[in-house]
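J.:
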Amino acid sequence: MEQIRETQKKYCSVAITFAIFAGISFFLFDLKPIGKGLILGTIFSIVNFILMGESLPMRIGQSKNKTIALSFLSIFFRYGLMAIPLIAAIKMEKFNLAATVCGLFMVQLVILADEIIRLIFNSTQKKTA
């Protein structure tokens, strides 16, 4: 469980930091809806990632039927939660829809970027050794 929390802290910290700095940059260029959408989507991306990590231990050691039911309920709840910023971006002009969608994938993008950087870094280390 501690390893899950460390992973969450690592990726969520980077995601929100990037979103805040990008959001501020968009605000400075008078693109406020894009900045707001990116930050809104990122907040919900982080909440989704944390809920996913919190639900993992509940499924361990359960019967197959109970695990399937818990997994389905978790997915249903998390997707419902992620629909909130999408609906807000569609209904309100103060949030940019495309930026909100990008924000919803922010944690996944951070994880992907981290893995790519590790791959490149490990590849260059092997060449120099």
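The opening position of the sequence shown corresponds to residue 4 in our numbering, with each subsequent residue numbered one higher.
Every residue gets a Cβ at the ideal spot worked out from N, C-alpha and C, and that includes glycine.
Only a predicted model underlies this, so the values are computations on that prediction, with no experimental measurement involved.
Do L107 and S48 have their C-beta atoms closer together than 8 Å?
T.: One-based indexing of the sequence shown puts residue 107 at position 104. One-based indexing of the sequence shown puts residue 48 at position 45. Yes, these two residues count as a Cβ contact at 8 Å.
J.: What residue range does the alpha helix (DSSP H) around G26 cover?
T.: Here residue 26 refers to the residue found at position 23 when the sequence shown is read from its first residue. Taken as a continuous stretch (DSSP letters only), the alpha helix (DSSP H) holding G26 covers E5 to L31.
J.: On the criterion of 16 or more Cβ atoms from any shown chain inside 10 Å, does T103 qualify as buried, or is it exposed?
T.: Indexing the sequence shown from 1 puts residue 103 at position 100. So T103 ends up on the buried side.
J.: Extract the residue ranges of the alpha helix (DSSP H) inside the segment 35–70, only unbroken runs of 4 or more that lie entirely within it.
T.: 35–62, all fully within the segment 35–70.
J.: Whose CA, out of K130, S126 and T10, lies closest to the CA of Q55?
T.: Position 52 of the sequence shown, counted from the start, is the residue given in the question as residue 55. It should be pointed out that residue 55 corresponds to Met in this sequence rather than to Gln. Minimum Cα distance to M55 is reached at T10.
J.: Give me the residue from L59, F21 and K39 with the minimum Cα distance to A92.
T.: Here residue 92 corresponds to residue number 89 of the sequence shown, with the count starting at 1. Selected option, being the one with the closest Cα: K39.
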